[in-house]
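Q: Going left to right, the sequence shown walks through residues -11 to 281 as our numbering numbers them.
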Amino acid sequence: MTKKEFEQLAAQGIILLDGATGSNLTKAGMPKGVSTEVWALEHPEIVIGLQRAYAKAGSQIVYAPTFAANRISLANFGRQSEVKELNTRLVALTKEAVAGTKTLIAGDLSTVGKMMQPKGELTYEELFDAYAEQAKALANAGVDLLGAETMLSVDETCVFLDAASSVCDLPLMCSLTLEADGSALFGGNAVEAVETLQEMGASAVGLNCSVGPDQLESVVASMARAARIPVIAKPNAGLPTITPTGEAIYSMDAPTFAAHMKVLVEAGAGVIGGCCGTDPEYIRLVKKMLDER
C-alpha cells in the first residue's frame, strides 16, 4: 500500500481498525510473564480465530500480533536474535486469518518501555536500530502499512518514524497512550504529537490504550484541530478493575463503547478501533454505528 492509497482510503470515510489482541489472548489462557509474540505462535489457532472475527466484524485494518517483536523487548526472553523470523511468522498468521477478504494488515510496533537519554539510558541509535530492524522485517513479510501504538513519548515516536522511513515507503500510523488531559507518560502531549509527527511524514496520528472513550472527547477534538492527517482513536473499554487473581475486568460494555466512539468521530476522529478489553463484538457494534451515520 502506498501513502497515496492510504490517503484515498481515508478520504472515503472513517477507517475502522480492529480491537484488542493482548487482553483477548489472556482470556484465552496466555499466562503472565511470557512473550506474547512467542505464545501467539505456539497457539496459532487462537490468533487466527480472533483476527478472522475482527475482519468479519468489519475491521478494514487488522494489526499483526508483532507488538513487542523488537530486539530490545525480545531480549527479556532471550529471543533478540529472532526478530526477522518472529515477525515473518506472525505476519503469516494474520495473512491466513484475513485471506479472501479486503482487510489490510498493519505491522504492529510499540514502545520498548525504556526512557531515552537524557531521562533514561536508551540512546537514539539503539532505538533507531531496533525499530529499523523490525520495520524492515515487517515490510519484507508483506504488510500493507506500519502502525506504532501505545507509544509513551513524542520523542520515541519520532525515532520510529525516522527508522521506518529509512527502510520502507509504507504508510505509517502513530498512536500514543495519553492521559485524559492529553499528556503522554514519558513526555509530550496530544497537540505536540500531531504537529510534530505529521511534519515527519506520519499518515495518521492519534491515541490508543489510555482510558475509555468517554474521557477523550476533548483530547481528540484538540488533535483534530491541529491535524492535516486523520486522527486515530483506539481507546480501552473503560477503566479496568483488577480482581484478586490479577485479572483486569473492563467497565464498558460493547453498546456503551460504540455510543462513545460516535462522540469521538463527531469530535474529529478519522481512524477508530478498540484497545484493551474490546473484542470483535465491540468492533461489530462500532461498524453498525458508522453504517447508521
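All residues carry an ideal CB built from backbone N, CA and C; glycine is no exception.
1) Compute the distance between the beta-carbons of residue 244 and residue 237, then report whether it is under 9 Å.
2) Residue 60 lies in the alpha helix (DSSP H); which residues open and close that run?
3) On the three-pair Cβ rule with 8 Å, is the segment 117 to 129 touching the segment 86 to 100?
4) Between residue 27 and the rest of its own chain, which residues show a CB-CB distance below 6 Å, the 5 nearest in sequence each way excluded?
5) To the nearest angstrom, how far is it from the Cα of residue -3 to the Cα of residue 233?
6) For the alpha helix (DSSP H) containing residue 33, name the first residue and the last one.
7) Please state whether DSSP places residue 222 in a helix, a strand or coil.
8) Using the DSSP secondary-structure output, state which residues sit across from residue 305 in a beta bridge.
9) When we look at the beta-carbon of residue 268 and count the other beta-carbons within 10 Å, is it buried (16 or more) or exposed?
10) Does the distance from the CB of residue 175 to the CB of residue 210 come in under 9 Å?
11) Report all residues from its chain with a CB closer than 7 Å to the CB of residue -6; omit the five preceding and five following residues, and keep chain order.
12) Between which two residues does the alpha helix (DSSP H) containing residue 193 stretch?
A: If we stick to the structure as given:
1) no
2) The continuous alpha helix (DSSP H) containing residue 60 extends over residues 59 to 62.
3) yes
4) 18
5) 43 Å
6) 32 to 45
7) Of the three classes helix, strand and coil, the one that applies to residue 222 here is strand, per DSSP.
8) Missing from the structure shown is residue 305; the chain here goes from -11 to 281 and no further.
9) buried
10) No; because the gap between Cβ atoms is not below 9 Å, this pair is not in contact.
11) 133, 159 and 191
12) Premise fails: residue 193 lies in the beta strand (DSSP E), 192 to 197, not in any alpha helix (DSSP H).
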